[in-house]
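A.B. asks: My questions all concern the structure below.
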Amino acid sequence: DTAVSQTPKYLVTQMGNDKSIKCEQNLGHDTMYWYKQDSKKFLKIMFSYNNKELIINETVPNRFSPKSPDKAHLNLHINSLELGDSAVYFCASSPSRLVNTEAFFGQGTRLTVV
Amino acid sequence: AQKITQTQPGMFVQEKEAVTLDCTYDTSDPSYGLFWYKQPSSGEMIFLIYQGSYDQQNATEGRYSLNFQKARKSANLVISASQLGDSAMYFCAMREFPQGGSEKLVFGKGTKLTVNP
Numbered sequence: 013d014t015a016v017s018q019t020p021k022y023l024v025t026q027m028g029n030d031k032s033i034k035c036e037q038n039l040g041h042d043t044m045y046w047y048k049q050d051s052k053k054f055l056k057i058m059f060s061y062n063n064k065e066l067i068i069n070e071t072v073p074n075r076f077s078p079k080s081p082d083k084a085h086l087n088l089h090i091n092s093l094e095l096g097d098s099a100v101y102f103c104a105s106s107p108s109r110l111v112n113t114e115a116f117f118g119q120g121t122r123l124t125v126v
Numbered sequence: 006a007q008k009i010t011q012t013q014p015g016m017f018v019q020e021k022e023a024v025t026l027d028c029t030y031d032t033s034d035p036s037y038g039l040f041w042y043k044q045p046s047s048g049e050m051i052f053l054i055y056q057g058s059y060d061q062q063n064a065t066e067g068r069y070s071l072n073f074q075k076a077r078k079s080a081n082l083v084i085s086a087s088q089l090g091d092s093a094m095y096f097c098a099m100r101e102f103p104q105g106g107s108e109k110l111v112f113g114k115g116t117k118l119t120v121n122p
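Here the protein sequences line up with chains A and B, keeping their order.
Using the numbering used here, the first residue of the first sequence is number 13, and each one after it goes up by one.
Using the numbering used here, the first residue of the second sequence is number 6, and each one after it goes up by one.
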């Protein structure tokens, strides 16, 4: 059973399109994250949700909008895609407010904007 | 300012030898957690080891150990008896709860480890 699953795994789309990446976790965790990994492999946090509430919103263009319909899901919607959005996007989850637990990652979504 | 610093963009080690991957961190919070993740070429993020700020002993998990030096704010990963399958990117991460702020899990820029036969 996959603990954190993201769909799709690969996404190729044209500039200007709107696309969504879905993330689901079956671990019962309260906290979910979105990270962007650029071509230099740097993992940058984008958003963090705790029990469906947005708690971290890093400096991310407002074309990126996370949506959490329930605490098991955190989807990422991107409007008006740009070439610079090409990256691997990782979803992760962890139990909240507990320092001593690792975050579990999805397998990543490789987004290519052409 | 960088919260997590990994100064080695790349490291090479001979199979069966030990290797240390460096990580320093910056926080003013007394309670935090330090993690190491491995990312092989297939892309998934694999949790390796955890060290809590209050832990008295260095964490160990099989061939992985964490050399935790709190005063120096360093959390180096030691891999003993390297194997070819250890070739991957390694990320150091810190989870903290800043006063008046939100919990964060932040990553360093990673170290690419290559194990030579």
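Note that CB positions come from ideal geometry on N, CA and C, so glycine has one too.
Against Gln49 of chain B, what residues of chain A qualify as contacts under a CB-to-CB distance less than 8 angstroms, listed in chain order?
C.D. replies: Indexing the second sequence from 1 puts residue 49 of chain B at position 44. One point to set straight first is that residue 49 of chain B is Glu, not Gln, in the sequence displayed. Per Cβ cutoff of 8 angstroms: Phe117, Gln119 and Gly120.
A.B. asks: How should Asp82 of chain A be labelled, buried or exposed, when 16 other C-beta atoms within 10 angstroms of its C-beta is the threshold for buried?
C.D. replies: As a working mapping, residue 82 of chain A is identified with position 70 in the first sequence. Exposed.
A.B. asks: Looking at the C-beta of Met99 of chain B, does it have a partner C-beta in chain A at a distance below 7 angstroms?
C.D. replies: Here residue 99 of chain B corresponds to residue number 94 of the second sequence, with the count starting at 1. Met99 of chain B does not count as touching chain A.
A.B. asks: Taking the beta carbon of Met129 of chain A as the centre, do at least 16 other beta carbons fall within 10 Å, making it buried, or is it exposed?
C.D. replies: Nothing can be reported for residue 129 of chain A: it is not among the residues displayed for chain A, which extend from 13 to 126.
A.B. asks: Do Cys28 of chain B and Gln13 of chain B count as a contact pair if the criterion is CB distance below 7 angstroms?
C.D. replies: Within the second sequence, the letter at position 8 stands for residue 13 of chain B. Within the second sequence, the letter at position 23 stands for residue 28 of chain B. Cβ atoms of Gln13 of chain B and Cys28 of chain B: not closer than 7 angstroms.
A.B. asks: Three-state secondary structure (DSSP) at Leu95 of chain A?
C.D. replies: By one-based count along the first sequence, residue 95 of chain A stands at place 83. Looking at Leu95 of chain A - three-state DSSP - the assignment turns out to be helix.
A.B. asks: Below 8 angstroms, can you find three or more Cβ-Cβ pairs linking the segment 32-43 of chain B to the segment 93-101 of chain B?
C.D. replies: With a cut-off of 8 angstroms, the segment 93-101 of chain B and the segment 32-43 of chain B count as touching, because enough Cβ pairs lie within range.
A.B. asks: Got a sec, what are the start and stop residues for the beta strand (DSSP E) Leu55 of chain A sits in?
C.D. replies: Taking the first residue of the first sequence as 1, we reach residue 55 of chain A at position 43. Residues Leu55 to Asn62.
A.B. asks: Which of the three DSSP states, helix, strand or coil, is assigned to Leu39 of chain A?
C.D. replies: Indexing the first sequence from 1 puts residue 39 of chain A at position 27. Leu39 of chain A: coil per DSSP, three-state reduction.
A.B. asks: What are the uninterrupted segments assigned as beta strand (DSSP E) that are 3 or more residues long and contained completely in the segment 12-40 of chain B, given in chain order?
C.D. replies: Taking only runs of at least 3 residues, the beta strand (DSSP E) segments lying wholly in the segment 12-40 of chain B are 15-19 and 24-26.
A.B. asks: In chain order, which beta strand (DSSP E) runs of at least 3 residues are fully inside the segment 42-107 of chain B?
C.D. replies: Fully enclosed beta strand (DSSP E) runs of 3 or longer: 51-57, 69-74, 79-84 and 93-101.
A.B. asks: Less than 6 angstroms between the CB of Leu110 of chain B and some heavy atom of the ligand GDP, yes or no?
C.D. replies: Of the ligands one can find in the structure shown there are none, so the ligand GDP has no counterpart to examine.
A.B. asks: Using 8 angstroms for Cβ pairs, my map puts Leu53 of chain B next to Tyr69 of chain B. What's the rounded Cβ distance?
C.D. replies: Looking up residue 53 of chain B in the second sequence gives position 48. Looking up residue 69 of chain B in the second sequence gives position 64. About 5 angstroms separates the two Cβ atoms, so the contact holds.
A.B. asks: Closest to Ser126 of chain B by C-alpha separation, out of B:Met16, B:Lys8, B:Ala23 and B:Gly48, would be which residue?
C.D. replies: Lying before the first or after the last residue shown, residue 126 of chain B is absent from chain B, which here runs from 6 to 122.
A.B. asks: Tell me whether Ala115 of chain A is buried or exposed, calling it buried when 16 or more other Cβ atoms sit within 10 Å of its Cβ.
C.D. replies: Counting from 1 along the first sequence, the entry for residue 115 of chain A is found at position 103. Per the 10 Å Cβ criterion, buried.
A.B. asks: Which chain B residues sit within Cβ distance under 9 angstroms of Lys53 of chain A?
C.D. replies: Your numbering for residue 53 of chain A matches position 41 in the first sequence. Residues of chain B passing the Cβ test: Gln44, Met94, Phe96, Lys114, Gly115 and Lys117.
A.B. asks: Which residues of chain B have a Cβ atom closer than 7 angstroms to the Cβ of Glu36 of chain A, listed in chain order?
C.D. replies: Within the first sequence, the letter at position 24 stands for residue 36 of chain A. Residues of chain B passing the Cβ test: none, with the nearest at roughly 16 angstroms.
A.B. asks: Whose C-alpha, out of A:Asp30, A:Asn29 and A:Pro20, is nearest the C-alpha of Glu36 of chain A?
C.D. replies: Position 24 of the first sequence, counted from the start, is the residue given in the question as residue 36 of chain A. Nearest option by C-alpha distance: A:Pro20.
A.B. asks: Counting only beta-carbon atoms, is Leu110 of chain B nearer than 7 angstroms to chain A?
C.D. replies: To locate residue 110 of chain B, count along the second sequence from 1; it is residue 105. Taking Cβ atoms only, chain A reaches closer than 7 angstroms to Leu110 of chain B, which makes this a yes.
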